[in-house]
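Each residue of the sequence shown is one higher than the last, beginning at 346 in the numbering used here. Even glycine gets a Cβ: it sits at the ideal position worked out from N, Cα and C.
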Amino acid sequence: MVRARIQVAQPMFHDAPLLDPDGIAPSISGHICHLRGRVSALETCVRDRAFNSVQLCFKGVITSSIDSRSATENFVVLTNTKTRCDFVARQSPSRPSSSSDAYHTTDFHFAVPTVSSNQDGALRPLPPTSTITGTADVPQTSALASHRILQGKCQVSYWIEAQFLLDGRQVGYVREDVRISWAYPTLRAYLFRGSPLTVQATPGVVTRYVFQSSPDLSLTLYGLDMLIKRDCETGRPQSTLLTAALNIRSPATKGKTSFDPRQSIQCSIKAKWELTVRFTNVSAGGTAKILKAGESICKKITLSVQKTSITFRPLLSEKQDSQALSDPPTHVATSQLILSVPDGVSQPSFCFDHLSRTYALDLSFSFHNIPGVAKHYVHVKAPVMVMSSSVLDEVLPKYKAVADEVETPCQTEYAGFTALLASS
Numbered sequence: 346m347v348r349a350r351i352q353v354a355q356p357m358f359h360d361a362p363l364l365d366p367d368g369i370a371p372s373i374s375g376h377i378c379h380l381r382g383r384v385s386a387l388e389t390c391v392r393d394r395a396f397n398s399v400q401l402c403f404k405g406v407i408t409s410s411i412d413s414r415s416a417t418e419n420f421v422v423l424t425n426t427k428t429r430c431d432f433v434a435r436q437s438p439s440r441p442s443s444s445s446d447a448y449h450t451t452d453f454h455f456a457v458p459t460v461s462s463n464q465d466g467a468l469r470p471l472p473p474t475s476t477i478t479g480t481a482d483v484p485q486t487s488a489l490a491s492h493r494i495l496q497g498k499c500q501v502s503y504w505i506e507a508q509f510l511l512d513g514r515q516v517g518y519v520r521e522d523v524r525i526s527w528a529y530p531t532l533r534a535y536l537f538r539g540s541p542l543t544v545q546a547t548p549g550v551v552t553r554y555v556f557q558s559s560p561d562l563s564l565t566l567y568g569l570d571m572l573i574k575r576d577c578e579t580g581r582p583q584s585t586l587l588t589a590a591l592n593i594r595s596p597a598t599k600g601k602t603s604f605d606p607r608q609s610i611q612c613s614i615k616a617k618w619e620l621t622v623r624f625t626n627v628s629a630g631g632t633a634k635i636l637k638a639g640e641s642i643c644k645k646i647t648l649s650v651q652k653t654s655i656t657f658r659p660l661l662s663e664k665q666d667s668q669a670l671s672d673p674p675t676h677v678a679t680s681q682l683i684l685s686v687p688d689g690v691s692q693p694s695f696c697f698d699h700l701s702r703t704y705a706l707d708l709s710f711s712f713h714n715i716p717g718v719a720k721h722y723v724h725v726k727a728p729v730m731v732m733s734s735s736v737l738d739e740v741l742p743k744y745k746a747v748a749d750e751v752e753t754p755c756q757t758e759y760a761g762f763t764a765l766l767a768s769s
């Protein structure tokens, strides 16, 4: 057996071109994680030709287990090959070595893209090193208990391994774990189901009977390309901007209403950022498979709750201004909503077969105290795709996402879930 060891330096991040999945020119900018290290073999093993070559491999693996059932997903594999001739003698200046414990070494380098593509060509960011644990409460019909608690754990691990080969036969093996935490100083958020997003407002139960000829209200959100930047000193995320347009359609009945389209409209807003982390021990195979109880653990975390008020100001054309109160057409009022981004929005959205991380923005709008208009309410829970700002708009359709995660509740509610994002 070959006696050897492997050493890996701290990861370094740089900007570099991101190749198109079709092999076209690199027109997209992405982040590259550079991993440099050194493989050392005992001098006697090199001198005695105990091996011919070394197969180096960088791996990223998701290991998910719930109860006694486990699943493994290899989502990144990079290889490098060294020959015995690449090993050179190195003398430590601090510790003179004898021939019995002297080592020959060779250096290696891996350029790991922070965004990879799956078999379908969909781009997805690599998850950071992490460990997630939880429990699933599964109902069962038994005389002793009505439910059973299953323990679950999901790990994202990276490592570099070296296989020493002699005529194709393995004669030595060393491995070193690598902790990788991607740095995203700037993120971009998108309303994944397309922008703009229009939602019909609902009148209040009581006031809709009082205002029989009240106009209809609908709200349109323009959330494409919301920048999420981090403060250089504190590292905390700053605000993001969301544009909203209020569409007011006059009632079909003839006659005047007390609603003046030239007035500004006050609105109270409650905004919640939500994070959904889910891991499973079965593969969906790229389809919207309904998982059974005990096959997945899902946790929805409310990252922050914000309350604010904004003013919608009317957009009046010359024609609308002259016909303000006589047979008025559909009117539009616009405003901008500034939202503080919680610390939990620190990583892009991603979806693998056994692990996913998705975001949603839950917004509640209350329109009240508008002369001639009943109280109206709008509630929308919009899936939000968070991605690195280095990945431009042209790759957005190729990004892998699961919007159904935030629109459809988990198939089974689980109790006792605890999420621990820590080093593995």
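Comparing C-alpha distances from D688 to each of I494, F509, T585, S415 shows the shortest one belongs to T585. Contact fails between the stretch 689-705 and the stretch 604-612, because fewer than three Cβ pairs, one in each stretch, are under 8 Å apart. Here F358 is not near L380, since their CB atoms are 8 Å or more apart.
With fewer than 16 other CB atoms across the displayed protein chains lying within 10 angstroms of its CB, V433 is exposed. In the three-state scheme derived from DSSP, where H, G and I count as helix and E and B as strand, D465 is classed as coil. At least 8 Å separates the beta-carbon of A481 from that of L468. In this structure the stretch 639-654 lies against the stretch 675-689, because at least three pairs of beta carbons, one per stretch, are closer than 8 Å. The C-beta separation of S654 from I614 comes to about 7 Å, placing the pair in contact by the 8 Å criterion.
Sorting V523, E418, L620, T543 by C-alpha distance to the C-alpha of L591 places T543 at the top. In the structure shown, T389 falls within a helical segment according to DSSP collapsed to helix, strand and coil. Among the bridge pairs identified by DSSP, Q508 is matched with Q400, Y518. The Cβ atoms of V729 and A534 sit closer than 8 Å to each other. A589 has its alpha-carbon roughly 21 Å from the corresponding atom of L532. About 33 Å separates the beta carbons of F624 and L682, which is beyond the 8 Å limit, so they are not a contact pair.
Closest by C-alpha distance to G513, out of Q352, L706, F396, is F396. The secondary-structure analysis by DSSP pairs A616 across a beta bridge with Q651, L708. When rounded, the separation of the alpha-carbon atoms in R435 and Q400 is 21 Å.
In the three-state reduction of the DSSP assignment, R607 falls in the coil class, being assigned neither a helical nor a strand state.
In the three-state reduction of the DSSP assignment, D431 falls in the helix class. In this structure, the beta-carbon distance from V516 to V347 falls below 8 Å. For the 8 Å CB-CB criterion, P541 and Y567 form a contact.
In this chain, the beta strand (DSSP E) harbouring M730 covers 721-733. Looking from the CA of D452, the closest CA among R429, A678, Q464, P470 belongs to R429. Residues V483, Q485 of the same chain have their beta carbon placed closer than 7 Å to that of R493, with the five preceding and five following residues left out of the count. P473 and G405 have their C-alpha atoms spaced approximately 10 Å apart. Note that the C-beta distance between Y722 and A546 is below 8 Å.
Here V422 is exposed: its Cβ has fewer than 16 other Cβ atoms, across all protein chains shown, within 10 Å. For M571, the uninterrupted beta strand (DSSP E) segment begins and ends at 571-574. Distance from the Cα of S711 is smallest, within the candidate group T675, D393, F657, for F657.
Bridge pairing for I593: L562, H676 [DSSP]. Only exposed fits N714, as fewer than 16 other CB atoms lie within 10 angstroms of its CB. If you draw a straight line from the Cα of H676 to the Cα of P716, it is about 15 Å long.
Under the three-state reduction of DSSP output, M357 falls in the strand class. The criterion of a C-beta distance shorter than 8 Å is not satisfied by S628 and C499.
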